[in-house]
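Colleague: I have a structure I would like to understand better, so I am pasting it below and will then ask my questions one at a time.
Numbering (our numbering), first residue to last: 120 to 335.
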């Protein structure tokens, strides 16, 4: 087994151990999500996440696509914003107003039908900078478990921002912090560009019956 493969396997094992224990302690019995209720609760969320091309004002980067994301991961992300594990004032305010049930419902609404890996993508070979990412996020950007986010088709500038925040401490997940600390700026660019082009792709959730765009 090559050193790169061994590293990927080790990272996956460590990630499963750390994240698994964190999730199990925080969500021993996670509530089932109700997408219809979540649609009502997500009204204010759609002001950003329901508009194609919408960007965070400062610093400037695209808000993430959520349709097709794992429900479990969306809940984990909301919990991280609520506790301050992720630093973002607007998201902290939004998440702090939600109960665990609210989060589950909002996640069910936004996720829709989560992405599934395509058999045709099995031969995808990530660039060297993304080889370790594939251990959890898959070679095609479809997370291998619910707590690992799907990355396929996500905005490249959002992925760059997320990795930069893990490296700087703006996001405090220990596994991702350790991994991001090893990346050079050009590596972050390579990872972001690679996963942003994978298919099947995440999408922007439609706002009511109309597809809005920041470019309109």
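Glycine included, C-beta positions come from ideal geometry on N, C-alpha and C.
Span of the alpha helix (DSSP H) holding residue 159?
Modeller: Taken as a continuous stretch (DSSP letters only), the alpha helix (DSSP H) holding residue 159 covers 154-160.
Colleague: Skipping 5 residues on each side, what residues in its chain have a beta carbon closer than 6 Å to that of residue 204?
Modeller: Correct list, in chain order: 291.
Colleague: What are the boundary residues of the alpha helix (DSSP H) that includes residue 195?
Modeller: Start and end: 190-202.
Colleague: Could you say which of 301, 224, 296 and 275 lies nearest to residue 192 if we only look at CA atoms?
Modeller: The shortest C-alpha separation from residue 192 is found at 224.
Colleague: Taking residue 228 as the reference, give the member of 246, 211, 160 and 238 with the closest Cα.
Modeller: Ranking 246, 211, 160 and 238 by Cα distance to residue 228 puts 160 first.
Colleague: For the structure I just gave you, are there three or more beta carbon pairs, one from the segment 169-176 and one from the segment 249-257, closer than 8 Å?
Modeller: Short answer: they don't touch.
Colleague: Opposite residue 303 in the DSSP bridges: which residues?
Modeller: Its beta-bridge partners do not exist; DSSP assigns none.
Colleague: Give the secondary structure of residue 175 by DSSP, where H, G and I count as helix, E and B as strand, and everything else as coil.
Modeller: Here residue 175 sits in strand by DSSP.
Colleague: Helix, strand or coil, according to DSSP, for residue 316 in the structure here?
Modeller: It is coil, neither helix nor strand.
Colleague: Select from 233, 207, 209 and 198 the residue whose C-alpha is nearest the C-alpha of residue 392.
Modeller: There is no way to answer for residue 392, as the model of the chain reaches only from 120 to 335.
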